[in-house]
Amino acid sequence: SAVISQKPSRDICQRGTSLTIQCQVDSQVTMMFWYRQQPGQSLTLIATANQGSEATYESGFVIDKFPISRPNLTFSTLTVSNLSPEDSSIYLCSAPKGLGRLETQYFGPGTRLLVL
Amino acid sequence: TQLLEQSPQFLSIQEGENLTVYCNSSSVFSSLQWYRQEPGEGPVLLVTVVTGGEVKKLKRLTFQFGDARKDSSLHITAAQPGDTGLYLCAGFPLSNDYKLSFGAGTTVTVRA
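Chains as they are written, first to last, in our numbering: chain A, 3 to 118; chain B, 52 to 163.
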């Protein structure tokens with residue numbers, strides 16, 4: 003299994019500021035994914051972080067609001083910009099197992115963001 | 052519109068009872084995963100099913116993948132309070148096999 007860590011685990015931010023979340027995987031992976039989750043609800047995919055190219059965003063999510071970096075095969079960052087209370091959520095990164103066919107996906111512990 | 056319809060949304064049972072969670076779709080999936088998530092943590096993978104008709108057992112948990120690879124179920128025998136959590140089914144559809152589709156989740160509460 004892949005071990006995925008995220009930093010910070012939680013933060014409280016003021017509206018208008020930005021928060022950058024880091025995700026580290028213990029092995030090389032082809033793709034990394036960023037999700038948003040409201041408490042008690044399912045996960046919504048924000049974007050796919052591709053190494054060496056721009057991230058691919060899902061409908062309703064834009065690069066200006068959620069810039070993503072993917073400098074190598076084990077690391078990615080998600081920035082949530084110009085924060086508003088509506089951005090309060092849990093942000094999760096995930097990665098599939100290994101570099102081959104995608105069968106299984108593992109998740110980090112999440113970053114709990116509260117925007118005041 | 053979610054590709055995976057998960058039911059029920061909420062389930063509250065007494066310790067020792069059995070429960071089943073369903074995950075259905077009109078689409079075919081190359082694989083399906085079941086996760087359990089506890090408050091304050093990320094989803095933890097329970098099982099991956101790949102072959103149509105496959106049955107996997109994990110202690111008191113039994114997972115089935117439908118013959119047509121469109122549906123799956125999770126059955127818990129003699130539930131315990133430690134089984135409490137949010138259960139999520141997710142899968143890679145054949146039409147887009149690099150992006151995981153999630154069900155809406157089932158919140159399971161097992162009362163002591």
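Think of the CB as a built atom: it goes at the ideal place given N, C-alpha and C, for glycine as much as any other residue.
Computed from a predicted model, the values in this text were never measured in an experiment.
What does S44(A) reach in chain B if we use C-beta pairs closer than 7 Å? Simply L139, F153, G154, A155, G156.
Within the same chain, show all residues whose beta-carbon is closer than 8 Å to that of E60(A), passing over the 5 residues directly before and after it, in chain order. Cβ neighbours of E60(A) beyond the five flanking positions: T46, L47, I48, A49.
Inspect the CB distances between the region 75-92 of chain B and the region 112-129 of chain B and report whether three or more fall short of 8 Å. Verdict: yes, contact present.
State yes or no: is the C-beta of A155(B) within less than 8 Å of the C-beta of Q57(B)? Yes, Cβ-Cβ distance for A155(B) and Q57(B) is below 8 Å.
What do you get for Y37(A), buried or exposed, if any count of 16 or more other CB atoms within 10 angstroms of its CB means buried? Per the 10 Å Cβ criterion, buried.
Hey, out of V95(B), R111(B), L96(B), F116(B), whose CA is closest to G103(B)'s CA? Ranking the options by Cα distance to G103(B), first place goes to F116(B).
Leaving out five residues before and five after T76(A) in sequence, what residues of the same chain have Cβ atoms less than 8 Å from its Cβ? The answer, listed in chain order, is Q26, V27, D28, S29, Q30, V31.
How far does the beta strand (DSSP E) with N69(B) in it extend, from its first residue to its last? Looking at the DSSP string, N69(B) is not in any beta strand (DSSP E), and its letter there is neither H nor E.
I'd like the span of the beta strand (DSSP E) that includes Y37(A), first residue to last. Counting along the chain, the beta strand (DSSP E) containing Y37(A) begins and ends at 33-39.
DSSP state of M85(A) mapped onto helix, strand, coil: The amino acid occupying residue 85(A) in the given sequence is Leu; Met does not appear at that position. DSSP places L85(A) in the coil class of the three-state scheme, outside both helix and strand.
At which residues does the beta strand (DSSP E) containing A163(B) begin and terminate? Counted as a single uninterrupted DSSP element, the stretch harbouring A163(B) is not any beta strand (DSSP E), since DSSP gives it neither H nor E.
According to the neighbour-count rule (16 or more other Cβ atoms, all chains shown, within 10 Å of its Cβ), is S96(A) buried or exposed? Counting Cβ neighbours within 10 Å, S96(A) comes out buried, since at least 16 surround it.
With a 10 Å radius around its C-beta and 16 neighbouring C-beta atoms as the bar for buried, classify P10(A) as buried or exposed. That one is exposed.
Against chain A, which members of the region 78-103 of chain B pass a CB distance test of less than 9 Å? Listed in sequence order: S81, S82, Q84, Y86, Q88, P90, G91, E92, G93, P94, V95, L96, T99, V101.
Of the listed residues S7(A), A51(A), N84(A), Q39(A), nearest to L118(A) (C-alpha basis): Nearest option by C-alpha distance: N84(A).
Decide if Q53(B) is buried, meaning its Cβ has at least 16 other Cβ atoms within 10 Å, or exposed. Q53(B) is exposed by the Cβ-count criterion.
With a threshold of 16 other CB atoms inside 10 Å of the CB of R72(A), please say whether the residue is buried or exposed. Result: buried.
Name the DSSP beta bridge partners of G142(B), please? Paired residues: L83(B), S152(B).
Can you pull the chain B residues whose beta carbon is under 7 Å from the beta carbon of F109(A), in chain order? Scanning chain B for C-beta atoms nearer than 7 Å to the C-beta of F109(A) yields G93, P94, reported in chain order.
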